Amino acid sequence: MYQKLLEGAYDLHVHTGPDIPERKLDDLDYAERLQSIGMKGFGIKSHYFCTAERARIVKKLYPKLNPVGAITLNNSVGGINPTAVEMAARDGAKIVWMPTFDSENEIDYVTNRGSYEVLPPWAQVQVERKAQGLPQTSITILEDGKLKKPIFEILDLVYERDLILATGHLSKKEIYALATAAKDRGVRKLLVTHPTFSSIAFTKEEQKELTELGAYMEQCFGCIDPRYGVTWEELYEHIRYVGPEKTILSSDLGQISNPNPDEGLVEFVKNLAENGFSEEEIRTMTTHNTTFFVEG
13 MYQKLLEGAY
23 DLHVHTGPDI
33 PERKLDDLDY
43 AERLQSIGMK
53 GFGIKSHYFC
63 TAERARIVKK
73 LYPKLNPVGA
83 ITLNNSVGGI
93 NPTAVEMAAR
103 DGAKIVWMPT
113 FDSENEIDYV
123 TNRGSYEVLP
133 PWAQVQVERK
143 AQGLPQTSIT
153 ILEDGKLKKP
163 IFEILDLVYE
173 RDLILATGHL
183 SKKEIYALAT
193 AAKDRGVRKL
203 LVTHPTFSSI
213 AFTKEEQKEL
223 TELGAYMEQC
233 FGCIDPRYGV
243 TWEELYEHIR
253 YVGPEKTILS
263 SDLGQISNPN
273 PDEGLVEFVK
283 NLAENGFSEE
293 EIRTMTTHNT
303 TFFVEG
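Once you know that position 102 of the sequence shown is 114 in the numbering used here, the rest is easy, because the numbers rise by one and skip nothing.
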């Protein structure tokens, strides 16, 4: 019944395998599942490597789908590395995530600000590396309170190639600076990654401010948990305050302990539909806005 609210939609934040942490399903498994419910495609997220090649293989096997390759600017690709972004784009990647587990903000949260009741897979990798005495170089996009020069090079690449720029696990201060510069640089597709996630924790008022700079809020099923973000009731309030027109829904699933990503999305739209959101509002967040990000 609720699957129809996902027809023609993209799931832009999926942790499928093959990956360093074990995943619940691989790219081909998810492609099969999405095709069966009429979704259009999915963004393949790895914290470690560019996924453009994986997306191209999925496309060859499932030509009716539109898999979306991506790169995440952690240390494994050289951090804030314009060359890595350019090569990823040349290879067909559409999404550029700012640093996630290697961000200064995330490392500070895990180390000094309480961490997580249950460590996410990427945090477990960090803990293992630390126990082995391996370096944990954190990444910030600011220097002396200002954006570093390579960030402007990346913004120009994003603008020129009409890529999606996602904020990853940056701090609030970094995200505000990035959003301001992205607007000034003409970037059309800025996505604030799971703004309610514990290490980021934007208020609904702050989210609204960011939309006024041109950003969209990516609300993720995987963050609807007091251990990692907000309750359902809090999320409804955030979406209402910001507005469906500036919101997209993603699963952020693929972890072994969680439901399949498409199951999470069905549960997502079901709960929204049963708590006052209209079919039109839900389709705006699942289909209209995600299609704009990928195809617009």
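Beta carbons are placed, not taken as given, at the ideal position from N, Cα and C, and that holds for glycine. These numbers were taken from a predicted model, which means no experiment stands behind them.
Counting only runs that start and end within the stretch 136-196, where is the alpha helix (DSSP H) found for 4 or more residues in a row?
161-173
According to the Cβ coordinates, are G81 and A64 closer than 8 Å?
yes
Residue closest to L159, alpha-carbon to alpha-carbon, out of G198, I92, N78 and C235:
I92
Counting along the chain, where does the alpha helix (DSSP H) carrying H250 start and finish?
W244 to V254
By DSSP, does V199 sit in helix, in strand, or in coil?
coil
A100, enclosing alpha helix (DSSP H) - first and last residue:
P94 to R102
I'd like the ranges of any alpha helix (DSSP H) spanning at least 4 consecutive residues and lying wholly in the stretch 25-49.
39-49
Taking only three categories from DSSP, how would you classify C62?
coil
Element boundaries [alpha helix (DSSP H), containing A285]
P273 to A285
What do you get for G241, buried or exposed, if any count of 16 or more other CB atoms within 10 angstroms of its CB means buried?
buried
Does A100 pass the burial test, meaning 16 or more other C-beta atoms within 10 Å, or should it be called exposed?
buried
Can you give the Cα-Cα distance for E44 and D274, rounded to whole angstroms?
11 Å
Whether or not the stretch 213-223 and the stretch 43-57 are in contact is what I'm after, with contact meaning three or more pairs of Cβ atoms, one per stretch, closer than 8 Å; do they touch?
no
Minimum C-alpha distance to I49 - residue among G55, K71, L37 and Y14
Y14
Apart from the five residues on each side of it in sequence, which residues of its chain come closer than 7 Å, Cβ to Cβ, to F209?
C235, Y240 and G241
Please state whether DSSP places D23 in a helix, a strand or coil.
strand
Going by the beta-carbon positions, is the gap between V108 and L175 smaller than 8 Å?
yes
Within 8 Å, do at least three Cβ pairs link the stretch 185-204 to the stretch 144-163?
yes
Once the 5 residues before and after P30 are set aside, which same chain residues still bring their CB inside 7 Å of it?
D38
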